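Novice: In the numbering used here, the protein residues as written are 198 to 329.
1) Would residue 289 be called buried (16 or more neighbouring beta carbons within 10 Å of its own) or exposed?
2) With three or more C-beta pairs closer than 8 Å as the rule, is the region 209 to 217 touching the region 300 to 319?
3) How about residue 315: is its Cβ closer than 8 Å to a heavy atom in the ligand MN?
4) Leaving out the 5 sequence neighbours to the left and right, which residues in its chain are closer than 7 Å to residue 315 when beta-carbon positions are compared?
5) So, helix, strand or coil for residue 404, using DSSP?
6) When the Cα of residue 242 is compared with those of 250, 248, 231, 255, which residue comes out closest?
7) Under 8 Å Cβ to Cβ from residue 202, same chain only, skipping five residues before and after it: list those, please.
8) So, are the CB atoms of residue 279 and residue 270 less than 9 Å apart?
9) Considering Cα atoms alone, identify which of 252, 282, 219, 302 is closest to residue 275.
10) Which full runs of the beta strand (DSSP E) of 3+ residues lie inside the region 272 to 323, going along the chain?
11) Going along the chain, which unbroken runs of the alpha helix (DSSP H) with 4 or more residues stay wholly within the region 203 to 253?
12) Who does residue 255 pair with in a DSSP beta bridge?
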């Protein structure tokens with residue numbers, strides 16, 4: 198089977214990597230910048246649940262770590278799991294946040310480009326929140 202098409206989307210944030218990681222790794226903060234998850238995310242029976250444009254989803258975040266790994270899975274109502282590898286990297290006095298976006302099976306070129314734009318928008322929201 199051929200590997201999925203991948204796009205790395207990144208943004209520079211003028212804040213130390215530890216600050217960016219601390220904020221972004223708090224699942225409760227995701228509703229402030231990850232618009233695909235909607236305007237709220239709540240812990241229900243030990244799981245993070247968001248209701249947004251793609252429906253009711255479960256969000257499973259990587260275990261807290263010292264390496265800037267913000268990987269998270271989004272489990273759709275259909276049971277499909279969308280893997281979202283994300284890294285916070287030191288870059289001078291600031292940080293580079295890199296989101297690896299996998300093209301989903303069956304996605305058209307237009308749909309994949311729309312996903313790229315959505316991730317760019319969300320990362321720029323994260324940047325604005327952390328640089329204000």
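Virtual Cβ for every residue (Gly too), placed ideally from N, Cα, C. If you're wondering where the values come from, they're calculated on a predicted model, not measured in any experiment.
Specialist: So, from the data block:
1) As a working mapping, residue 289 is identified with position 92 in the chain shown. It counts as exposed.
2) no
3) This structure lacks the ligand MN, and indeed carries no ligand of any kind.
4) Within the chain shown, the letter at position 118 stands for residue 315. Counting only Cβ-Cβ distances below 7 Å, and skipping sequence neighbours, we find 233.
5) The structure shown does not extend to residue 404, since the chain spans only 198 to 329, so no value can be given for it.
6) Within the chain shown, the letter at position 45 stands for residue 242. Here the closest residue by C-alpha is 255.
7) Position 5 of the chain shown, counted from the start, is the residue given in the question as residue 202. For residue 202, where only same-chain residues beyond five positions count, the Cβ hits under 8 Å are 299, 300, 309.
8) Here residue 279 is taken as the residue at index 82 of the chain shown, counted from 1. Here residue 270 is taken as the residue at index 73 of the chain shown, counted from 1. The answer is yes: Cβ separation under 9 Å.
9) On the chain shown, position 78 is the one that residue 275 refers to. Comparing Cα-Cα distances from residue 275 to each of 252, 282, 219, 302, the minimum goes to 252.
10) 278 to 281, 283 to 288, 291 to 299
11) 214 to 221, 227 to 230
12) For this step, residue 255 is matched to residue 58 along the chain shown. 246, 272, per the DSSP bridge assignment.
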